[in-house]
Amino acid sequence: MSSLPDARPDRTENHTLTRRAFTAAGALAGVGAFVAGSPAFAAVRRGTADALVPAFPGALGCGMYTTGGRGGDVYEVTNLNDSGPGSLREGVRGSNRTVVFRVSGTIYLNSRLDMTGSNLTVAGQTAPGDGICIAGYPTRIAGQNVVVRYLRCRMGDIAGITEDAMWFRRTADVVLDHCSLTWSTDEALSPYENTRVSVQWCIVGESLTMSVNPEGRHGYGGIWGGENVSFHHNLIIHNSSRNPRFAPVNATGPDYALTVDHQNNVIYNWGFNSAYGGEDSAGINMIGNYYRPGPDTLAEVRDRIVEPTVSTLGGPGTWYVADNHMDGSPEVTADNTLGIDGDVPITLRTSPVPFPQPLPAEAATVAFDRVLNEAGAILPRRDSVDARLVEDVRRRTGRLINSQTEVGGWPSLASVPAPADSDHDGIPDAWEVANGLNPNDPADRNTVGADGYTNLERYLNSIGGPASANPSVTLLQPGTNALVAAARATGRVVLNASATGHGAAIDRVEFYAGDELIGTATHAPYRVEWAGVADGSYFVTARAVDTDGNATSTTSTPVHVNRITRTAPWVGADVGSVPVRGATSVSGDAVTVKGSGAIGATADSFRFAFQRRDGDCEIVARIDAISKVYPEVAAAVMVRADLAPSAPFAMMELTYLGSGKVSRFSVRSARGAEAVVTQYPAVPEEVPIDTPYWVRLTRRGGTVTGAVSPDGVTWHEVGAADVALPPSAFLGLAVDGHQENTANARYTTATFGAVTLS
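Going by our numbering, the first residue of the sequence shown is number 366, and it counts up by one from there.
As structure tokens, then:
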């Protein structure tokens, strides 16, 4: 996790590092404070002979000669407990070992998992069944000379903490291979201020956007950096920003330059920024990466490869940017300099930055297919989450999510009996017999062959995946942002899917609302009816499972159940062209308004529940709740000249911003004019605002005044302005979805109470 400064489109950073900025004492206590040349650092490597043998066949880049647990002991993970004998936590505390698994499933942590062992290999591919997932808390690599393969770290929001799914900092000699790192509340993966690192064939993404992070909108990909570090063939997907952020050199950190080899990665559906940073870099290669903007990518950054940064953390860096493919922009693909944004005077090299272990050249279009087929924890099998993410790239679907529940949550990972291993050396008896080893002699695991690998490594490298591929599945009904009218207290939603197996028949299709199973269909047509659905917004998915146990989930589909009620004296209407039709309902003194679109600039689109009032008037309302779907969604009282999109108006709203909520007084003084906004407080930390909270608009002559109150008694005036309103105006309640220039829409629900008009 980190609070390195964020970068919005076309904005220069001007911040300082505030979190994870280790002091010397903190580094000694927290991460071992190893630096190149120290005795502890030197003790990690096992010998010069190992330098010629990659960590495993296919290990490439600057960390490729990491030896991990080669020649050490074997530790067996036998349960899914957070800690104790047989747990993963116990295994990664020790050094000089290879960790193998005798069980599959999800490990729900009670605290951060620190891999403090050095000379360590974690072999997730050995899990019998569906593999291993780590949930609830982050995973941190704190040791040195570490190989981690085929693990899923899907943190989620259940602990209510702000953290990365995985991170490691100020260490050396690490290979992270075929891991799936998702559902973080900060960054998905942040390895920086390290040296001799390779991160390859990983899925990094789907961080949680509007979650528990105190900075508000987050959901970032990662902070990547260090000296002689390689990032290749990774899928970076569904992150708002930091795809990645290249970390500057920290003056209080190790004496490392910033040299990064970033090649053949696939980046999909970044939000408001792709890659940025790189202050004071000695050399960053961005070569042969494939960029595909998605439905949440802002139009103004759809063609952005990178935005080099200058900030208080450092000056202009050195870059080599070439052979990257920008999907949808042949111009940027042909000339990558068109995809370098900002006015920073960087040094742009004409040849690649040299590295001790250079990556082989590969065309971005070739890497695209390889990454989609091979990235993530594909052994022992690719789970339904990764299968969905890959299909999102292929189909150009998906969305930035706020919680893992929106996409079905953690799937159940089946475990099967582990193969017999009489001597507990990590190698099954059958493999030992087939390869001339003694299944009762644990020492033969460390016999080194002519290829430089031990017998244990040779077995680990031989493990293959299932014969059949993940199935295909499509949710046919309901459609995206479908509206279901509920004439009574609840409604009914019909879900319908198609599914096709690839090498195995479809066994069943499961249907989910959030992470709750609502029905299962075992034969086509795959259809369930979900009855008794309360008013609200839901995310539904279908999960196809074949007879071999392979599974794929659909991208999540938002559906909205709107209760139909009498609304008089309120009239509900959508103003302007909204992406999703709004709704208004009344229950007692509570008025619920649901809307999309955006209020502001020179024209509006939103949901309005209104009454007509002549002359001087006032509206007071208590805002009881606003759904936290996106930053800066508006729940407001409004006075408006008419229902035309460009009409003059004044509005007093509450909205989400940063760590909390703020109020805003907005005015369009004349038809078609630019709306002007006054905010109170300037930042949420100055004055706590939370629902329930009161808002008020008062019209006196040609002037409208906006105010807010925590109790409806003591008021703070936020602003006043002259507005060109006719004698008879529209007075009411307004809700939008803060629609930005993206394909995906948000649907906001706000509940107002104690509303009075006078």
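From the three backbone atoms N, C-alpha and C, an ideal C-beta is built for every residue, glycine too.
DSSP state of residue i mapped onto helix, strand, coil
{"i": "R454", "result": "helix"}
{"i": "W589", "result": "strand"}
{"i": "W796", "result": "helix"}
{"i": "S563", "result": "strand"}
{"i": "V704", "result": "In the sequence as presented, Val is not what sits at residue 704; that position holds Gly. Of the three classes helix, strand and coil, the one that applies to G704 here is helix, per DSSP."}
{"i": "A500", "result": "strand"}
{"i": "R607", "result": "coil"}
{"i": "R714", "result": "coil"}
{"i": "E441", "result": "strand"}
{"i": "P807", "result": "helix"}
{"i": "V671", "result": "strand"}
{"i": "T770", "result": "helix"}
{"i": "A647", "result": "coil"}
{"i": "Q1104", "result": "coil"}
{"i": "A986", "result": "strand"}
{"i": "E1051", "result": "coil"}
Residue range of the unbroken alpha helix (DSSP H) whose run includes residue i
{"i": "R760", "result": "S749 to R760"}
{"i": "S827", "result": "N820 to S827"}
{"i": "P695", "result": "P695 to A699"}
{"i": "V736", "result": "A729 to E739"}
Sequence-distant residues of its chain with Cβ nearer than 7 Å to residue i (five each side left out)
{"i": "A909", "result": "P836, V838, A864, I871, V874, A916 and T917"}
{"i": "Y877", "result": "G773, I883, V905, T906 and R908"}
{"i": "P793", "result": "P784, A785 and D786"}
{"i": "D479", "result": "R505 and A507"}
Cβ-based burial, residue i [other Cβ within 10 Å; buried from 16]
{"i": "L554", "result": "buried"}
{"i": "E771", "result": "buried"}
{"i": "P695", "result": "exposed"}
{"i": "V798", "result": "exposed"}
{"i": "D809", "result": "buried"}
{"i": "R458", "result": "buried"}
{"i": "D979", "result": "exposed"}
{"i": "E1051", "result": "exposed"}
{"i": "N800", "result": "exposed"}
{"i": "A852", "result": "exposed"}
{"i": "N738", "result": "exposed"}
{"i": "G897", "result": "exposed"}
Unbroken beta strand (DSSP E) run spanning residue i, endpoints
{"i": "N638", "result": "N638 -> no beta strand (DSSP E), and no H or E assigned at all."}
{"i": "Y877", "result": "I871 to A878"}
{"i": "V910", "result": "G901 to D911"}
{"i": "E997", "result": "No beta strand (DSSP E) contains E997, which DSSP labels as neither H nor E."}
{"i": "F533", "result": "M531 to R534"}
{"i": "F1117", "result": "T1113 to L1122"}
{"i": "Q1044", "result": "V1041 to Y1045"}
{"i": "H867", "result": "T855 to H867"}
{"i": "Q628", "result": "T624 to Q628"}
{"i": "V781", "result": "Unbroken run through V781: none, as it is neither H nor E."}
Same chain, Cβ closer than 6 Å to residue i, neighbours up to 5 away in sequence not counted
{"i": "G451", "result": "T443 and N444"}
{"i": "S483", "result": "V409, S460, G508, Q509 and N510"}
{"i": "P996", "result": "G581, R582 and Y1021"}
{"i": "G947", "result": "D939, K959, G960 and R972"}
{"i": "A643", "result": "Per the sequence shown, the amino acid found at residue 643 is Gly instead of Ala. Excluding positions up to five away in sequence, the list reads F611, I649, P673 and G682."}
{"i": "V1048", "result": "none"}
{"i": "A847", "result": "V924"}
{"i": "P613", "result": "E644, D645, L678 and G679"}
{"i": "S1074", "result": "W1059 and W1080"}
{"i": "N599", "result": "C567, V569 and N630"}
Opposing strand residues paired with residue i [DSSP bridges]
{"i": "K1026", "result": "Y1021"}
{"i": "D1127", "result": "Because the chain in this structure spans residues 366 to 1123, residue 1127 falls outside the shown range and cannot be described."}
{"i": "G1071", "result": "L1062 and G1084"}
{"i": "H690", "result": "Y655"}
{"i": "S970", "result": "A963"}
{"i": "A488", "result": "R514"}
{"i": "P556", "result": "F533"}
{"i": "N846", "result": "In DSSP, N846 forms no bridge with anything."}
{"i": "G570", "result": "T547 and I602"}
{"i": "S837", "result": "T865"}
{"i": "F720", "result": "Beta-bridge pairing links F720 to no other residue."}
{"i": "P923", "result": "F904"}
{"i": "H583", "result": "Its beta-bridge partners do not exist; DSSP assigns none."}
Beta-carbon contacts of residue i that lie in its chain and below 8 Å, excluding the five residues immediately before and after
{"i": "T730", "result": "Y655 and H690"}
Residue i at chain B interface by Cβ criterion, 7 Å
{"i": "N826", "result": "Here chain B cannot be found, since the structure has a single protein chain."}
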